[in-house]
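Residue numbers (the numbering used here): 122 to 436.
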């Protein structure tokens, strides 16, 4: 389905009023008042505010996508607005803004706003619409053209001409994020430890020189290295109170390589893998993290179980 099929010309506003992003969002909401009524409009405002407390409406590059799932809503709504002069971000981290002090760079302006309201159960459609909007606005020329449009009809034609599709299935690409810190098989344990401490990830990927995924490493690998191999066979481990568990790690931190303690078969999926299969992999392994690779096995990103909670179950 084309993104343009979800957007009606009468739900496009040109040159949003006001100075701040919240003014523009309010104008977009009011465009839905004939269909939602005053009570429905109030529920929508409350839903948007509740979600805004968790994540920002602003997605960068002058684009904001306020969205919420609303209890009792019957239909799926997208309202689009532009602002050639730009709207100022509302202050506060949750809105992507924040108070500016002297010497700070001028705050970024919002030129395009896509308001999305959906029934509680239409999670897939919302996620795929968010992804489609991201693809639409990825191109600088497209963003500028949409910003400068003077009529709703022209905005709709530009979206039609982009031919951006709304996919039917939530996939790994919708939940994945980049992995900033990676390991090499030749990293010694000291280097691996430092990287793991710097990273917020529960598991780090191990990549070869071509960025192919060849394994993964978690803190438990270090723990296992420091424990006697016969420990799992003992019923009484009281003697560990006087045992120094990590002497082995410290003694070998410069001698041993990451490849010697890493898990070789790192859990991996492709970007097109349905998110249900990603979750199944997490449960079956079990593992909190699954890596996303391309068709040559090169790392594209990762998905932690919390990403599925935040991006799929609570978008």
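We treat Cβ as the ideally placed atom computed from N, Cα and C, and that holds for glycine. Please read these numbers as outputs of a predicted model, since none were measured by experiment.
Query raised in the report: Among the residues of its own chain, which have a CB less than 6 angstroms from the CB of residue 249, if the five just before and after it don't count?
Result: Counted from its first residue, the chain shown places residue 249 at position 128. The residues are 287 and 288.
Query raised in the report: With burial defined as no fewer than 16 other Cβ atoms inside 10 Å of the residue's Cβ, what is the status of residue 226: buried or exposed?
Result: For the purposes of this step, residue 226 is taken as the residue at position 105 of the chain shown. Because residue 226 sits at a pLDDT of 46, beneath the cut-off of 50, its placement in the model cannot be relied upon, and the point is left open.
Requested in this report: Determine the closest residue to residue 317 out of 377, 297, 338 and 328, with distance taken between C-alpha atoms.
Outcome: Locating residue 317 in the chain shown gives position 196, counting from the first residue. Shortest Cα-Cα distance from residue 317 to any of 377, 297, 338 and 328 involves 338.
**Report entry** residue 432, buried or exposed, once every other Cβ within 10 Å from all chains shown has been counted against 16
**Finding:** Position 311 of the chain shown, counting from 1, holds the residue named residue 432. With 16 or more Cβ atoms within 10 Å of its Cβ, residue 432 is classed as buried.
Query - residue 94 burial status per 10 Å Cβ neighbour count (16 or more: buried) - result: Nothing about residue 94 can be read from this structure; the chain reaches only from 122 to 436.
Query - Cα-Cα separation, residue 395 to residue 245 - result: Numbered from its first residue, the chain shown carries residue 395 at position 274. Numbered from its first residue, the chain shown carries residue 245 at position 124. For residue 395 and residue 245, the distance between alpha carbons rounds to 11 angstroms.
Query - Cut-off 8 angstroms between Cβ atoms - residues of its own chain near residue 281, not counting five sequence neighbours on either side - result: As a working mapping, residue 281 is identified with position 160 in the chain shown. Excluding sequence neighbours, residue 281 sits near 123 and 125.
Query raised in the report: Who are the near neighbours of residue 334 in its chain, counting only those whose CB is closer than 7 angstroms to its CB and skipping five residues on each side?
Result: For the purposes of this step, residue 334 is identified with residue 213 of the chain shown, where counting begins at 1. Excluding residues within five positions, the ones whose Cβ falls inside 7 angstroms are 326, 328, 387, 389, 412, 414, 418 and 420.
Query raised in the report: residue 185 by DSSP, collapsed to three states: which one?
Result: Residue 185 sits at position 64 when you count from the first residue of the chain shown. Residue 185 sits in a strand when the DSSP states are folded into three classes.
Report task. Look up residue 128 in the DSSP assignment and say whether it is helix, strand or coil. Result -> The residue labelled residue 128 in the question sits at position 7 within the chain shown. Three-state DSSP puts residue 128 in coil, outside helix and strand.
Query raised in the report: When DSSP labels each residue in this structure, what does residue 240 get in the three-state scheme?
Result: Position 119 of the chain shown, counted from the start, is the residue given in the question as residue 240. It is a strand residue.
Query raised in the report: Residues in its own chain within less than 6 angstroms of residue 234 by CB, not counting five upstream and five downstream?
Result: Within the chain shown, numbered from 1, the residue matching residue 234 stands at position 113. The residues are 145, 185 and 202.
Requested in this report: May I ask you to report which of helix, strand or coil DSSP gives residue 232?
Outcome: Within the chain shown, numbered from 1, the residue matching residue 232 stands at position 111. Reduced to three states, the DSSP call for residue 232 is strand.
Query raised in the report: When we look at the beta-carbon of residue 183 and count the other beta-carbons within 10 Å, is it buried (16 or more) or exposed?
Result: On the chain shown, position 62 is the one that residue 183 refers to. By the 10 Å Cβ count, residue 183 comes out buried.
Query raised in the report: Comparing alpha-carbon positions, which option in 429, 430, 428 and 129 lies nearest residue 274?
Result: Here residue 274 refers to the residue found at position 153 when the chain shown is read from its first residue. When only C-alpha atoms are compared, the closest one is 129.
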